[in-house]
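Colleague:
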Amino acid sequence: MLKFLMLSVGMLFMSLMGEFMFFFPCLLLLGVGWLFMYGKDLVSISFFGSDVLSWSLILLTFWIIMLMLLASHMYKVTNYFYQKFLFVLMTMMMLLFLTFSTLDLLSFYIFFEGSLIPIYLLIVGWGYQPERLQAGIYLLLYTIFASLPLLISVMYTGTLLGGYSFCLLKSFSEDFSWLSFWFFFSIFAFLVKLPCFYVHLWLPKAHVEAPVSGSMMLAGVLLKLGCYGMMRYMILFEGFTIQLSSMLISLGLLGGLVVSFICLRQVDLKALIAYSSVSHMGLALGGLGSWGLWGYSSCLYTCLAHGLCSSGLFFLSGVVYERSGSRSMMINKGMLEIMPSMSFWWFMYCIGNMAAPVVLNLVGELGLLGSILSFSMFTLIFLMLFSFMGACYSLYLFSGTQHGKYFSGIRSLSDGMIREYLVLLLHFYPLFFLILEVDLMTY
292 MLKFLMLSVG
302 MLFMSLMGEF
312 MFFFPCLLLL
322 GVGWLFMYGK
332 DLVSISFFGS
342 DVLSWSLILL
352 TFWIIMLMLL
362 ASHMYKVTNY
372 FYQKFLFVLM
382 TMMMLLFLTF
392 STLDLLSFYI
402 FFEGSLIPIY
412 LLIVGWGYQP
422 ERLQAGIYLL
432 LYTIFASLPL
442 LISVMYTGTL
452 LGGYSFCLLK
462 SFSEDFSWLS
472 FWFFFSIFAF
482 LVKLPCFYVH
492 LWLPKAHVEA
502 PVSGSMMLAG
512 VLLKLGCYGM
522 MRYMILFEGF
532 TIQLSSMLIS
542 LGLLGGLVVS
552 FICLRQVDLK
562 ALIAYSSVSH
572 MGLALGGLGS
582 WGLWGYSSCL
592 YTCLAHGLCS
602 SGLFFLSGVV
612 YERSGSRSMM
622 INKGMLEIMP
632 SMSFWWFMYC
642 IGNMAAPVVL
652 NLVGELGLLG
662 SILSFSMFTL
672 IFLMLFSFMG
682 ACYSLYLFSG
692 TQHGKYFSGI
702 RSLSDGMIRE
712 YLVLLLHFYP
722 LFFLILEVDL
732 MTY
């Protein structure tokens, strides 16, 4: 009760400080995040609930949206439809919170698909180029194409189990000859949202055309909806679809490996980071396909680590774009001479992207490697190539931007601002200290 009283007094105090209206949404999100951190056992309201999986992703959502507000300060300075931008962010936060906290399968489907609307508005409304309309259409068509099979599966599951509650999923004990087909039919929408190789083409287009805040939300939270949906549906099909494990692991590893080679051909900063997201999510798909607690928990660690690390990389690319007006690696070279302090953060996030030590990415990827190897030792050669290529494109991203001869047209640009360093620090702070909480899934 004391926690709720303190939170109420804090919110009242902040609402009285009208001159700090820019920081009010950020502090509000921090307050709600604090409530969830210390009161996760209290959150159990009829149709809504929270376990470690949903609670972790809700915290990630609040954290990323707070950083999106800080990253988009120029919209407030220039008054670029700032009120509408805040409305879109608050709508997205509400929909994602409802998606992760609902205990009802049909409500989950509605909120899962509803979260597409705010990101579409962000891309079309605040994107950089006319091609953003095409990127929005790609995003809609891919997602809507895959959502109908999921809706049919949800309706059929509710009819079969006599209800839509997540609690009923564990009571399913029948086996059918077409159960594997039903499982793939159900998770197809999650594979598109993940995204899996073959259905990933909407992601680079959406990232390239989205504003910095849109890319942070896409990489930070929306890609994790695919993992979250699969992890929820695994409860229903657990033990029945082991024959699909080989397909999921092969799709994740081979697809991620191919995308790693595609990364090395990119000259657009955002496209390179977007393709690296597809590669990392491929490894997470392989870990889920191994059907074990090790892969399950490591997938959660990877989701949290990738959400923070990839969001930070997209913010760094936005910092460069604001100064040079280009995302091309041909122009944005030699940043080590022009922006030396920012180069430190480029280095830290690039080693995080390749899952080097002292960041949470290391724990997640090691667990996924162990889980996939426990399924089959034949995957060893692919995992070695996967890790090697991850280091290759991360180093390519760092050396391509920081080293080389600088473009003379951007010689006079300044180093980073305090607000930018704050956003980068707040991305890296949980990424560094969450490695101490890797026993999260045992609670």
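Counting in my numbering, the sequence shown runs from 292 upward without gaps.
From the three backbone atoms N, C-alpha and C, an ideal C-beta is built for every residue, glycine too.
Within a Cβ cutoff of 8 Å, which residues of the same chain sit near Leu535, ignoring the five residues on either side of it in sequence?
Modeller: Within the same chain, Leu535 has close Cβ partners Ser471, Phe474, Phe475, Gly580.
Colleague: I'd like the list of long-range same chain contacts for Ser665, defined as Cβ closer than 8 Å, with 5 residues on each side in sequence excluded.
Modeller: Cβ neighbours of Ser665 beyond the five flanking positions: Ser581, Gly583, Trp585.
Colleague: If we ignore side chains and look at the alpha-carbon of each, how far apart do Gly309 and Leu516 end up?
Modeller: With a pLDDT of 34 at Gly309, under the threshold of 50, the modelled position of that residue is not reliable, and the figure given next carries that caveat. Cα to Cα, Gly309 sits roughly 36 Å from Leu516.
Colleague: Give the DSSP-derived three-state secondary structure of Thr369 in the structure shown.
Modeller: Correct three-state label for Thr369: coil.
Colleague: What number of angstroms, rounded off, separates the C-alpha of Ser477 from the C-alpha of Ile443?
Modeller: Their Cα atoms are separated by approximately 8 Å.
Colleague: With 16 other CB atoms within 10 Å as the buried threshold, where does Trp280 fall?
Modeller: The structure shown has nothing for residue 280, since the chain only spans 292 to 734.
Colleague: What are the start and end residues of the alpha helix (DSSP H) that includes Gly661?
Modeller: Start and end: 651-666.
Colleague: Do Arg556 and Phe457 have their C-beta atoms closer together than 9 Å?
Modeller: Contact flag unset, no.
Colleague: Name, in chain order, the residues that DSSP records as bridge partners for Asp730.
Modeller: None; Asp730 has no bridge partner.
Colleague: Given a threshold of 16 other Cβ atoms within 10 Å of its Cβ, counted over all protein chains shown, does Phe724 qualify as buried or as exposed?
Modeller: Exposed, because fewer than 16 other Cβ atoms sit within 10 Å of the Cβ of Phe724.
Colleague: Closer than 8 Å by C-beta to Leu659: which residues in its own chain qualify, once you throw out the five before and the five after it? Chain order, please.
Modeller: Excluding positions up to five away in sequence, the list reads Leu574, Ala575, Gly577, Gly578, Gly586, Ser589, Cys590, Thr593.
Colleague: Are the segment 631-648 and the segment 533-547 in contact at 8 Å, needing three or more beta carbon pairs?
Modeller: Cβ pair count under 8 Å is below three, so no.
Colleague: Along the chain, where does the alpha helix (DSSP H) containing Gln283 start, and where does it finish?
Modeller: Summary: the structure shown does not reach residue 283, with the chain confined to residues 292 through 734, and so no result is reported for it.
Colleague: How is the alpha helix (DSSP H) around Phe528 delimited, first residue to last?
Modeller: From DSSP, the alpha helix (DSSP H) with Phe528 extends over 515-528.
Colleague: In its own chain, which residues sit with a C-beta less than 7 Å from the C-beta of Ala437, not counting the 5 before and 5 after it?
Modeller: Excluding positions up to five away in sequence, the list reads Phe479, Ala480, Val483.
Colleague: For Leu424, report the span of its alpha helix (DSSP H) as first-last.
Modeller: Residues 423-452.
Colleague: Look at the Cβ atom of Leu360, then the Cβ atom of Leu380, and state whether they are nearer than 9 Å.
Modeller: Cβ distance < 9 Å, so Leu360 and Leu380 count as in contact.
Colleague: Let me confirm a value: Lys461 is counted as buried when at least 16 other C-beta atoms fall within 10 Å, else exposed. Which label applies?
Modeller: So Lys461 counts as exposed.
Colleague: In the DSSP assignment, find the alpha helix (DSSP H) that holds Cys641 and state where it starts and stops.
Modeller: Counting along the chain, the alpha helix (DSSP H) containing Cys641 begins and ends at 631-644.
Colleague: Considering only the alpha carbon of each residue, which of Phe719, Asp395, Phe391 lies closest to Met446?
Modeller: That would be Asp395, whose Cα lies nearest to the Cα of Met446.
Colleague: For my contact list, Pro721 and Leu599 are in at a C-beta cut-off of 8 Å; report their separation, rounded to the angstrom.
Modeller: About 6 Å separates the two Cβ atoms, so the contact holds.
Colleague: Just curious, the alpha helix (DSSP H) that Thr593 is in, first and last residue?
Modeller: Its alpha helix (DSSP H) spans residues 584-615.
Colleague: For Val654, which of Leu727, Tyr612, Gln374 has the nearest alpha-carbon?
Modeller: Checked all of Leu727, Tyr612, Gln374; the closest Cα to Val654 is Leu727.
Colleague: Is Phe605 near Ala682, with beta carbons less than 9 Å apart?
Modeller: In this structure, Ala682 does not lie closer than 9 Å to Phe605 by Cβ.
Colleague: Between Met675, Ala426, Thr692, which has its C-alpha nearest Phe638's C-alpha?
Modeller: Closest option to Phe638, Cα to Cα, is Thr692.
Colleague: Taking only three categories from DSSP, how would you classify Leu725?
Modeller: Correct three-state label for Leu725: helix.
Colleague: Is Gly340 helix, strand or coil by DSSP?
Modeller: If DSSP states are grouped into helix, strand and coil, Gly340 belongs with the strands.
Colleague: Give the single residue among Leu348, Lys561, Ile533, Ser341 whose Cα lies nearest to the Cα of Gly595.
Modeller: The amino acid at residue 595 is misidentified as Gly; the sequence shows Leu. Residue Leu348 is the option with its Cα nearest to Leu595.
Colleague: Roughly how many angstroms separate the alpha carbons of Gly695 and Leu627, rounded to a whole number?
Modeller: Taking the straight line joining both Cα atoms gives about 9 Å.
Colleague: Would you list the residues sitting across from Thr393 in a DSSP beta bridge?
Modeller: DSSP output for Thr393 lists Phe339 as bridge partner(s).
Colleague: From this set, Met507, Ser345, Glu529, which residue's C-alpha is nearest Lys561's C-alpha?
Modeller: Answer by Cα proximity: Met507.
Colleague: What does DSSP give as the partner residue(s) for Ser619 in the beta ladder?
Modeller: Bridge partners of Ser619: Asp559.
Colleague: My assumption, with CB atoms under 8 Å, is that Cys554 sits in contact with Ser568. Please give the rounded CB distance.
Modeller: So it is not a contact: roughly 10 Å between Cβ atoms.
Colleague: Run the CB neighbour count on Gly505, radius 10 Å, all protein chains shown included, and call it buried at 16 or more, exposed below.
Modeller: Gly505 comes out buried.
Colleague: Can you pull the DSSP bridge partners for Ser363?
Modeller: Partner(s): none; Ser363 has no beta bridge.
Colleague: Near Lys331, what residues of its chain come up, given a Cβ to Cβ distance below 6 Å and the 5 sequence neighbours on each side ignored?
Modeller: Interpretation of Lys331 is limited by its pLDDT of 42, a score under 50 that renders its predicted location unreliable; no figure is taken from the coordinates.
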